[in-house]
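K.L.:
If you read the sequences in order, they're chains A and B.
Residue numbering for the first sequence follows the numbering used here, beginning at 87 and increasing consecutively.
Residue numbering for the second sequence follows the numbering used here, beginning at 6 and increasing consecutively.
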Amino acid sequence: DAKTTQPPSMDCAEGRAANLPCNHSTISGNEYVYWYRQIHSQGPQYIIHGLKNNETNEMASLIITEDRKSSTLILPHATLRDTAVYYCIVSYSNTGNQFYFGTGTSLTVIP
Amino acid sequence: NAGVTQTPKFRVLKTGQSMTLLCAQDMNHEYMYWYRQDPGMGLRLIHYSVGEGTTAKGEVPDGYNVSRLKKQNFLLGLESAAPSQTSVYFCASSYLTGAQETQYFGPGTRLLVL
Numbered sequence: 087d088a089k090t091t092q093p094p095s096m097d098c099a100e101g102r103a104a105n106l107p108c109n110h111s112t113i114s115g116n117e118y119v120y121w122y123r124q125i126h127s128q129g130p131q132y133i134i135h136g137l138k139n140n141e142t143n144e145m146a147s148l149i150i151t152e153d154r155k156s157s158t159l160i161l162p163h164a165t166l167r168d169t170a171v172y173y174c175i176v177s178y179s180n181t182g183n184q185f186y187f188g189t190g191t192s193l194t195v196i197p
Numbered sequence: 006n007a008g009v010t011q012t013p014k015f016r017v018l019k020t021g022q023s024m025t026l027l028c029a030q031d032m033n034h035e036y037m038y039w040y041r042q043d044p045g046m047g048l049r050l051i052h053y054s055v056g057e058g059t060t061a062k063g064e065v066p067d068g069y070n071v072s073r074l075k076k077q078n079f080l081l082g083l084e085s086a087a088p089s090q091t092s093v094y095f096c097a098s099s100y101l102t103g104a105q106e107t108q109y110f111g112p113g114t115r116l117l118v119l
């Protein structure tokens with residue numbers, strides 16, 4: 087079952103911030119929000135995850151709304167190498183996980 | 006660290022042939038997964054393992070078998086390949102920190118069944 091909804095595609099100008107939205111209105115209280123990306127048929131790459139609070143790492147920032155029904159992944163200064171499919175996943179694990187990847191958002195960074 | 010490696014990278018099979026895909030990880034992870042990805046689709050979970058000697062079915066297990074005899078290896082078998090199994094297969098391994106999990110993926114195996 088699809089737990090998340092993402093736009094199928096987005097464009098972003100190089101050097102600008104890329105804001106990728108995700109809707110997860112049925113998220114449970116103990117489920118985390120994860121973001122992965124897949125660059126041109128390579129294996130998916132972990133980006134960031136969070137539960138309630140906003141998170142930031144060297145790759146991106148994750149903004150989760152107060153009601154936790156949606157989130158936004160922010161790539162602060164998009165480069166051409168950020169062109170990829172971005173997957174938003176919600177999941178909880180205590181004995182190993184089953185991630186549902188969906189079809190994600192295809193982000194194209196334009197020179 | 007090599008991370009997660011997959012063997013082979015590419016394979017062509019005829020319908021009815023069998024083969025085994027090997028996934029190896031050197032990160033001492035407990036959990037390992039096999040996914041398949043069809044063109045224009047997201048990844049779908051085939052089977053997974055939460056530890057050595059354990060396996061469990063995922064979303065699309067039919068036509069596949071798996072084994073986890075050693076912690077570092079997770080094998081995916083196709084006993085009688087069908088054209089519908091043409092796909093890219095990704096292996097992943099992970100560890101848990103509390104209820105948080107990060108999966109690390111291999112580069113994929115491209116399988117064509119004629």
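All C-beta atoms in this analysis are idealised placements derived from N, C-alpha and C, irrespective of residue type, glycine included.
1) Looking at chain A, which residues of the region 54-78 of chain B have a Cβ within less than 7 Å of any of its Cβ atoms?
2) Tell me where the beta strand (DSSP E) around Asp97 (chain A) begins and ends.
3) Give me the residue from A:Ser177, A:Asp153, A:Gly129 and A:Ala164 with the minimum Cα distance to Glu100 (chain A).
4) Is there at least one Cβ from chain A nearer than 9 Å to Phe110 (chain B)'s Cβ?
5) Quick test of your reading: Val118 (chain B) and Leu18 (chain B), contact by CB under 8 Å. State the CB separation rounded to the nearest angstrom.
6) At which residues does the beta strand (DSSP E) containing Ala29 (chain B) begin and terminate?
7) Is Val119 (chain B) helix, strand or coil when you go by DSSP?
8) Give me the DSSP bridge partner(s) of His135 (chain A).
9) Mind checking Met37 (chain B): buried by the 16 CB within 10 Å criterion, or exposed?
10) Counting only Cβ pairs nearer than 9 Å, list the residues of chain A close to Thr102 (chain B).
11) What residues from chain B crowd round Ser127 (chain A), counting only those whose CB sits closer than 8 Å?
12) If we ignore side chains and look at the alpha-carbon of each, how far apart do Gly58 (chain B) and Leu116 (chain B) end up?
13) Looking at Tyr186 (chain A) and Glu117 (chain A), is the spacing between their C-beta atoms short of 9 Å?
14) Which of helix, strand or coil does DSSP assign to Ser89 (chain B)?
15) Using a Cβ-Cβ cut-off of 8 Å (strictly less than) and excluding sequence neighbours within five positions of Ala146 (chain A), which residues of its own chain qualify?
16) Using the Cα positions of Pro13 (chain B) and Ser111 (chain A), report the straight-line distance between them to the nearest angstrom.
17) Is the CB of Val9 (chain B) under 9 Å away from at least one CB in chain A?
18) Rounding to the nearest angstrom, what Cα-Cα distance links Asn140 (chain A) and Leu101 (chain B) in this structure?
19) What three-state label does DSSP hand Arg49 (chain B) in the structure shown?
20) Which one of B:Ser54, B:Ser23 and B:Ala29 has the shortest CA to CA distance from Asn6 (chain B)?
P.N.:
Checking against the coordinates, here is how it stands:
1) Correct list: Val55 and Gly63.
2) Here residue 97 (chain A) is taken as the residue at index 11 of the first sequence, counted from 1. Ser95 to Ala99 is the span of the beta strand (DSSP E), which, as asked, contains Asp97 (chain A).
3) By 1-based counting over the first sequence, the position of residue 100 (chain A) is 14. For the set A:Ser177, A:Asp153, A:Gly129 and A:Ala164, the Cα lying nearest the Cα of Glu100 (chain A) is the one of A:Ala164.
4) Within the second sequence, numbered from 1, the residue matching residue 110 (chain B) stands at position 105. Closer than 9 Å: yes.
5) As a first step, residue 118 (chain B) must be located in the second sequence, where it is residue number 113. As a first step, residue 18 (chain B) must be located in the second sequence, where it is residue number 13. Taking a contact as a CB-CB distance under 8 Å, the pair Val118 (chain B) and Leu18 (chain B) counts as one, their CB atoms being some 5 Å apart.
6) The sequence position of residue 29 (chain B) within the second sequence is 24, counting from 1. Taken as a continuous stretch (DSSP letters only), the beta strand (DSSP E) holding Ala29 (chain B) covers Met24 to Gln30.
7) Counted from its first residue, the second sequence places residue 119 (chain B) at position 114. A small correction: the amino acid at residue 119 (chain B) is Leu; Val does not occupy that position in the sequence shown. In the structure shown, Leu119 (chain B) falls within a coil segment according to DSSP collapsed to helix, strand and coil.
8) One-based indexing of the first sequence puts residue 135 (chain A) at position 49. The partner list for His135 (chain A) (beta bridge, DSSP) reads A:Tyr120.
9) What you label residue 37 (chain B) is simply residue 32 of the second sequence in a count that begins at 1. When all chains shown are included, Met37 (chain B) counts as buried.
10) Position 97 of the second sequence holds residue 102 (chain B). Chain A residues near Thr102 (chain B): none, gap ~10 Å exceeds 9 Å.
11) Position 41 of the first sequence, counted from the start, is the residue given in the question as residue 127 (chain A). Going along chain B in sequence order, the residues near Ser127 (chain A) (Cβ under 8 Å) are Val93 and Gly113.
12) Residue numbering aside, residue 58 (chain B) sits at position 53 when the second sequence is read from its first letter. Residue numbering aside, residue 116 (chain B) sits at position 111 when the second sequence is read from its first letter. Leu116 (chain B) has its alpha-carbon roughly 26 Å from the corresponding atom of Gly58 (chain B).
13) One-based indexing of the first sequence puts residue 117 (chain A) at position 31. One-based indexing of the first sequence puts residue 186 (chain A) at position 100. Pairing Glu117 (chain A) with Tyr186 (chain A) gives a Cβ-Cβ distance that is not under 9 Å.
14) For this step, residue 89 (chain B) is matched to residue 84 along the second sequence. It is helical.
15) Translated into positions along the first sequence, residue 146 (chain A) becomes position 60. If we look at Ala146 (chain A) and ignore the five residues flanking it on each side, its Cβ neighbours are Trp121, Ile133, Ile134, Leu159, Ile160, Leu161 and Pro162.
16) Taking the second sequence and counting its residues from 1, the one referred to as residue 13 (chain B) is at position 8. Taking the first sequence and counting its residues from 1, the one referred to as residue 111 (chain A) is at position 25. Near 40 Å, if we compare the C-alpha coordinates of Ser111 (chain A) and Pro13 (chain B).
17) Locating residue 9 (chain B) in the second sequence gives position 4, where the first residue counts as 1. So yes, Val9 (chain B) belongs to the interface.
18) Your numbering for residue 140 (chain A) matches position 54 in the first sequence. Your numbering for residue 101 (chain B) matches position 96 in the second sequence. Each residue's alpha carbon lies about 21 Å from the other.
19) Stepping through the second sequence from its first residue, residue 49 (chain B) is reached at position 44. Taken through DSSP and simplified to helix, strand or coil, Arg49 (chain B) comes out as strand.
20) On the second sequence, position 1 is the one that residue 6 (chain B) refers to. Residue B:Ala29 is the option with its Cα nearest to Asn6 (chain B).
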